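Numbering (my numbering), first residue to last: 14 to 233.
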């Protein structure tokens, strides 16, 4: 039997696009996916809109429609969803969620990314791509630390090549030492279009997080 990873999305499952990105990063594992907003109607999801600065999350629904969601609303439902899981869990969002069960088999991508960035770039300039302009200031403040300057450029996931290239050029103007595509909904295609425009390595969040979570599974 193939190892199985529990993947929890902040919107609704299934996310076939996300499953494909995880499978590309860690082939040969099963994926059991659930969503914090599973069971809610379209109107109820609309009621979960952001309520103010720092409350913005970006998600893609199973239909492919993109949404902005309240981190507070999603966080409350996510805590209940995580508590019902057994075995390794990948929380499929780069937002930081407080109040989750204190278990070593729960992978929050933002914590993995922070640790990896600190190891790779103790000092320098970090470039961060974020889905929404409203997230830029908050994200820079969250990732900034002594010796690390952080700059952010908005790029909505599922953008076309022209928008990707424009964001890549905007980031290149900041001359980062390392860049992060800081949303689980960014894809290999985003990285492939942006990376050649930058003078530095680029981390794809979903790939980094999936590989960390998969390392907790039993070996096949």
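Glycine included, each C-beta is placed from N, C-alpha and C at the ideal position. From a predicted model like this one, the values you see are computed outputs, not experimental measurements.
- Around the beta carbon of residue 103, a 10 Å sphere encloses 16 or more other beta carbons of the protein chains shown; the residue is thus reported as buried.
- Contact between residue 45 and residue 20 holds: their C-beta atoms lie close to 7 Å from each other, under 8 Å.
- Note that the C-beta distance between residue 192 and residue 221 is not below 8 Å.
- In the three-state scheme derived from DSSP, where H, G and I count as helix and E and B as strand, residue 189 is classed as coil.
- Note on geometry: alpha-carbon atoms of residue 195 and residue 25 lie some 20 Å from one another.
- Just measuring C-alpha positions, the residue of 159, 143, 123 and 154 sitting nearest residue 137 is 159.
- Annotation: the continuous alpha helix (DSSP H) that includes residue 152 extends over 149-156.
- Its chain contains 18, 39 and 42 as the residues whose beta carbon lies nearer than 7 Å to that of residue 227, once the 5 sequence neighbours on both sides are disregarded; these appear in chain order.
- In the DSSP annotation of this structure, residue 162 is not part of any alpha helix (DSSP H); the continuous beta strand (DSSP E) holding it starts and ends at 161-167.
- Less than 8 Å divides the Cβ of residue 197 from the Cβ of residue 106.
- Between the beta-carbon of residue 49 and that of residue 91 there is about 5 Å, and that keeps the pair under the 8 Å contact cut.
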